[in-house]
Amino acid sequence: MRQRHSYSQETLALKLKVSRQTIISIENGKYNPSLPLALKIAKIFRESVENIFLLEED
């Protein structure tokens, strides 16, 4: 999604006030963002949280 919107990892990190490493970890599925961060990401991309982050069922 980030690439579709022509954002670099660094640019997105700056907009979200997080580190580039945080963006990398989210993209690689190694880190689930907090709800406030997920909402900020959704707002930037004008998508719902559900459309961006798929919930895995146990």
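If you count the sequence shown from 1, position 1 lands on 1240 in the working numbering, and the numbers rise without skipping.
All C-beta atoms in this analysis are idealised placements derived from N, C-alpha and C, irrespective of residue type, glycine included.
In this text, all values refer to a predicted model and were calculated from it rather than measured experimentally.
- According to the DSSP assignment, Val1288 belongs to the alpha helix (DSSP H) that extends over 1288-1291.
- Ranked by how close their Cα comes to the Cα of Ile1263, the residues Leu1274, Leu1278, Pro1275, Tyr1246 have Tyr1246 in first place.
- Sequence-distant Cβ neighbours of Val1288 in its own chain, meaning closer than 7 angstroms and more than five residues away, are Ala1277, Leu1278, Ala1281.
- Ile1265 places its beta carbon less than 8 angstroms from that of Pro1272.
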